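Here the sequence shown is numbered in the numbering used here, starting from 21 and rising by one per residue. Even glycine gets a Cβ: it sits at the ideal position worked out from N, Cα and C. As the structure is a computational prediction, the values presented were derived from the model and not from experiment.
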Amino acid sequence: MIRRPIVALVVALAAVGLFTAGVAWLFDTPRPRPGATRGERLYMTLCAPCHGEDGRGSWRATLFMIRPGDLTDRARMAQHTDQYLVDIVKHGGSPIGRPGMPGFEHVADADVAELVRYLRAISR
């Protein structure tokens with residue numbers, strides 16, 4: 021008679037474990053490929069959660085009704101100067117009317133420059 025509650029407990033624990041593993045898989049941050057440049061590693065850490073691994077937007081941003089810019093759009097990216105990209109990365113989008121873009125003031129200027137180089141590369 022005691023076996024039935026134990027089996028139910030094991031099944032419930034397994035279901036909770038599978039559910040949490042699925043949620044962890046969904047919310048896992050993208051990882052840069054082996055041998056990635058510093059700019060690509062920074063992009064995967066700072067930008068990919070919203071802009072997606074490929075720069076076209078992520079499901080996470082869609083889930084929260086945020087429309088990040090398509091960083092692969094050559095024409096659109098050509099309209100922005102490097103200084104504009106540096107400013108939006110450092111200070112976020114709020115100063116220019118794009119409140120969804122957070123600022124990364126804590127990132128070193130040299131790293132932001134690497135990130136901008138990577139953004140230029142993926143828009144080509």
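- Counting along the chain, T82 sits inside the alpha helix (DSSP H) bounded by residues W79 to L83.
- With a cutoff of 7 Å on beta-carbon distance, P52 and R58 are scored as not near each other.
- If you draw a 10 Å sphere on the C-beta of S78, you find 16 or more other C-beta atoms in it, and that means buried.
- With a contact defined as Cβ atoms closer than 8 Å, M85 and L91 miss out at about 19 Å.
- The C-alpha of R118 is placed about 49 Å away from the C-alpha of V30.
- In this structure, the straight-line span from the alpha carbon of V127 to that of I22 is close to 58 Å.
- Excluding its 5 nearest sequence neighbours in each direction, D131 has C-beta neighbours in its own chain below 8 Å: R58 and L62, listed in chain order.
- Taken in chain order, the complete alpha helix (DSSP H) segments of 4 or more residues contained in the stretch 94-132 are 94-98 and 102-111.
- For L83, the number of other beta carbons within 10 angstroms of its own is below 16, and it is reported as exposed.
- Per DSSP, L62 is one residue of the alpha helix (DSSP H) stretching across R58 to L62.
- Going by C-alpha positions, L135 is about 45 Å away from A32.
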